[in-house]
Structures are given as C-alpha cells and as structure tokens.
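Presented below is the structure to which this report refers.
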Amino acid sequence: MDQDAMKRQAAEAALAYVEGGVIGVGTGSTVNHFIDALAGIKGQIEGAVSSSEASTERLKAHGIPVFDLNATGELTLYVDGADESNARLQLIKGGGGALTREKIVAAASKRFVCIADESKLVDVLGAFPLPVEVIPMARSHVARALVELGGTPVWRDGFVTDNGNLILDVHHLEIQDPVALEQQINAIAGVVTVGIFAQRPADVLILGSAQGARTLT
Ligand code: 5RP
Numbered sequence: 001m002d003q004d005a006m007k008r009q010a011a012e013a014a015l016a017y018v019e020g021g022v023i024g025v026g027t028g029s030t031v032n033h034f035i036d037a038l039a040g041i042k043g044q045i046e047g048a049v050s051s052s053e054a055s056t057e058r059l060k061a062h063g064i065p066v067f068d069l070n071a072t073g074e075l076t077l078y079v080d081g082a083d084e085s086n087a088r089l090q091l092i093k094g095g096g097g098a099l100t101r102e103k104i105v106a107a108a109s110k111r112f113v114c115i116a117d118e119s120k121l122v123d124v125l126g127a128f129p130l131p132v133e134v135i136p137m138a139r140s141h142v143a144r145a146l147v148e149l150g151g152t153p154v155w156r157d158g159f160v161t162d163n164g165n166l167i168l169d170v171h172h173l174e175i176q177d178p179v180a181l182e183q184q185i186n187a188i189a190g191v192v193t194v195g196i197f198a199q200r201p202a203d204v205l206i207l208g209s210a211q212g213a214r215t216l217t
C-alpha cells in the first residue's frame, strides 16, 4: 500500500466522526481525500468552514456549501492533516502554508480529528522543518530570532499565504517542549503563527497503514 492510499484510508475513516451541522475542513493531500469522501454524504451536513482557498475551491466543486467562521459559531468537528504528530497528538502543521487559518478553525472546534499516513507519527517533533507565518517586513528580524532559538530558518521563496504573508521553514529543531516553543515563537514580533499545534493538540489521530486505520486518542 503506498502513502497516498494510506492517506485515503485515514480520510475515509474520519467520516465516522461526522455528525451533521457545519464541519471544519483543513488543507492538504490527505484532506483532499476527506473532501472527496465527504461529498458522498454531503446531504448529511449543512456545509463546511474551510482553512484555505484551495480547500474552499474543492468543497465548492463538490457542491458543499462553504461558510465564513464568523457566521457559524463554535464547530463540533474539525478534520485536518499534519506533517508530524507525537504520541500526545501535538503536531507540526503548515507544510501547505495554511497554518494560521488551520489554527483558527482548530481553536474554534470542539473536536479535532487529525488524519495522516503512519509515517507522520514521530517520537520528537522537529525533523520536518517547522513552518512559521511571518508579516513580510519582519522576515529578517524573525529569522534572526529563530536562529537564536537554535533553528535554521529558510524563506519559502515565491510562496505567499492566503493572508498575504511569508513562510519561514525552520530546520534543525528538536522540539522537546512543544507548548513552550509554540508560546516562545508566537511571542516574536512579526510572527503571525507558528505551525506547532501543542497548546491545542488534536483530540483524535487516525493513521492509515498497511494493517488498516489505527486510531490514537
Ligand atoms: C497544510 C497542512 C497539512 O495538513 C500538512 O501539510 C499535511 O499535508 P498532507 O496531507 O498533504 O501530507 O498543515 O498547511
């Protein structure tokens, strides 16, 4: 079974958590499988709040209504992928650059179901370069502060987020205390959001694997 089939398996398993109403929907190739599967039961939901322009487009192409988060109130469910997860379901996200909206929708949701292939489960977060969304004028200032924290920031050149900002991908971090580093990086002037999801981790992690979908809580 290849990695994409494992992603699809995890995405399809997440349908069991859909109970109707408006659902928060994340971004990425795993979530694309979820959106495609959700289309098969779209009559059971009112619609979705989306974390990116790309997911909005895909949802609409399937005829699933997309709502502004300001119009929905708190959501019961958010389904999104991850670049890494540890066993405590603390995540690195933002490989697709949608981390800020993803963090907002996760914060506004009662239950966060994370879907991924089994390769995303790690002992210590940080082998995947940590995305940080940055206000453009603060790029160099934030990069220097990230170097002081022990990382090697690399500008994702040519990439602009849906919010009009830049991404620094921080290499060479071994994140032993995700909650503390999330707070520390978010406190740097010019940082919009860091892609550590530890203060609000996932509630459920579904991992696709050759042996079948495995669920961690
Ligand atoms: C986008 C994300 C994605 O969830 C993350 O990059 C995982 O992507 P994929 O499902 O394609 O492996 O955080 O900002």
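For the sequence shown, the numbering used here begins at 1 and goes up steadily by one.
Beta carbons: idealized from backbone N, C-alpha and C, even for Gly.
Please read all numbers here as calculations on a predicted model, not as lab measurements.
Query raised in the report: First and last residue of the beta strand (DSSP E) that includes T76?
Result: L75 to D80
Query raised in the report: Is A98 near the ligand 5RP, with its Cβ less than 6 Å from a heavy atom?
Result: yes
Report task. For Q199, I'd like the list of residues in its chain whose CB is within less than 7 Å of its CB, leaving aside the five on either flank, ordered along the chain. Result -> V179 and E182
Query raised in the report: Taking buried to mean at least 16 other C-beta atoms within 10 Å of its own C-beta, is H172 buried or exposed?
Result: exposed
Requested in this report: Determine, using beta-carbon pairs with one atom in the region 72 to 92 and one in the region 109 to 121, whether at least three such pairs fall under 8 Å.
Outcome: yes
Requested in this report: Determine the direct distance from the alpha carbon of E118 to that of Q211, and round the result to whole angstroms.
Outcome: 10 Å
Requested in this report: From the DSSP output, in three-state form, read off D169 for me.
Outcome: strand
Query raised in the report: Apart from the five residues just before and just after A13, which ones in its own chain have a Cβ nearer than 7 Å to its Cβ?
Result: I206 and A213
Query raised in the report: Nearest to V18 by alpha carbon, out of V31, I41 and D36?
Result: I41
Query raised in the report: Is any heavy atom in the ligand 5RP found nearer than 6 Å to the beta carbon of S140?
Result: no
Report task. Evaluate S140 with the Cβ neighbour count: other Cβ atoms within 10 Å of its Cβ, from every protein chain shown; 16 or more gives buried, anything less gives exposed. Result -> exposed
Query raised in the report: Could you give the uninterrupted runs of the alpha helix (DSSP H) lying entirely in the region 71 to 126, keeping only those of 4 residues or more?
Result: 99 to 107
Query raised in the report: Does the beta carbon of T72 sit closer than 7 Å to a beta carbon anywhere in chain B?
Result: Among the chains of the structure shown, chain B does not appear; only one protein chain is present.
Requested in this report: Could you check how far apart the C-beta atoms of G228 and D80 are, in whole angstroms? I think they sit under 8 Å.
Outcome: Absent from the model: residue 228. The displayed extent of the chain is 1 to 217, so no value can be given.
Query - Endpoints, the alpha helix (DSSP H) within which E57 is located - result: E53 to A61
Query raised in the report: Expressed to the nearest angstrom, what Euclidean distance is found between the alpha-carbon atoms of A143 and N86?
Result: 26 Å
Query - Heavy atom of the ligand 5RP within 6 Å of K42 beta-carbon - result: no
Requested in this report: Use the C-beta contact count for E148: other C-beta atoms within 10 angstroms, 16 or more gives buried, fewer gives exposed.
Outcome: exposed
Query raised in the report: So is the beta-carbon of S119 under 6 Å away from any non-hydrogen atom of the ligand 5RP?
Result: no
Query raised in the report: Helix or strand or just coil, what does DSSP make of P129?
Result: coil
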